[in-house]
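Comments concern the structure below.
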């Protein structure tokens with residue numbers, strides 16, 4: 061049973077600050093957020109989405125403080141087997157409660173000049189793979205105007221998406237390239253590594269062996285090989 065109460069904006073702010081609610085209805089958090097930073101962001105109350113104050117109303121003997129203790133303990137674990145067990149316990153503890161209900165997402169449009177071809181939509185939020193573009197006419201100079209909450213970019217900056225809230229991955233493909241890339245539906249696809257093998261190791265985890273792509277250089281012409289990987 062949901063008890064609906066219509067509040068003014070002032071009363072909503074008071075309720076948010078005091079934790080006077082049980083449920084946060086929010087936009088979904090998808091990839092690329094990892095569980096360590098995602099769960100860790102709840103602890104200081106600055107992670108947003110109303111999660112921290114909503115957890116104050118855990119029931120059936122569970123508590124926000126106990127959940128945070130479990131997260132801190134898991135983040136300090138180095139044994140792969142014990143880490144898996146601890147995260148399973150965190151998931152069960154958290155999902156025994158109703159805290160978040162993602163009910164909407166959003167579309168992120170791209171405005172593209174008709175003289176360009178080859179563009180594909182990115183697989184992450186604010187991922188614009190413009191390195192795939194090919195000009196059909198008018199020369200090879202292309203003007204791009206990436207935006208942020210603070211306005212348009214003037215420089216590449218720190219490439220730290222959450223420092224200034226930009227359209228986060230607009231230039232990553234020009235500056236960085238990983239061993240693997242993020243594909244459709246979360247699929248891990250080759251990038252600087254052509255292929256890889258995964259084998260269990262003696263400490264309970266997996267050992268990855270990558271075969272690097274050939275004839276790759278840095279911007280200054282120096283070779284990309286295992287010595288710099």
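Numbering (our numbering), first residue to last: 61 to 289.
The C-beta atom is built at its ideal place from N, Cα and C for all residues, glycine as well.
In angstroms, rounded to a whole number, what distance separates the CA positions of residue i and residue j?
i, j, result
"residue 199", "residue 183", "28 angstroms"
"residue 253", "residue 150", "34 angstroms"
"residue 132", "residue 275", "43 angstroms"
"residue 122", "residue 153", "8 angstroms"
"residue 160", "residue 130", "19 angstroms"
"residue 197", "residue 166", "33 angstroms"
Under the rule that 16 or more other beta-carbon atoms within 10 Å means buried, what is residue i, buried or exposed?
i, result
"residue 57", "There is simply no residue 57 to check, as the chain begins at 61 and stops at 289 in what is shown."
"residue 102", "buried"
"residue 134", "buried"
"residue 193", "buried"
"residue 111", "buried"
"residue 127", "buried"
"residue 278", "exposed"
Leaving out five residues on either side along the sequence, give the residues of the same chain with a beta carbon under 7 angstroms from the beta carbon of residue i.
i, result
"residue 251", "237, 238, 239, 240 and 241"
"residue 137", "143 and 146"
Can you list, in chain order, the residues of its chain whose CB lies under 8 angstroms from that of residue i, leaving out five sequence neighbours each side?
i, result
"residue 73", "none"
"residue 285", "272"
"residue 96", "135"
"residue 249", "240, 241, 242 and 243"
Thinking C-beta only, is residue j closer than 7 angstroms to residue i?
i, j, result
"residue 141", "residue 116", "no"
"residue 189", "residue 176", "no"
Leaving out five residues before and five after residue i in sequence, what residues of the same chain have Cβ atoms less than 6 angstroms from its Cβ?
i, result
"residue 270", "239, 253 and 256"
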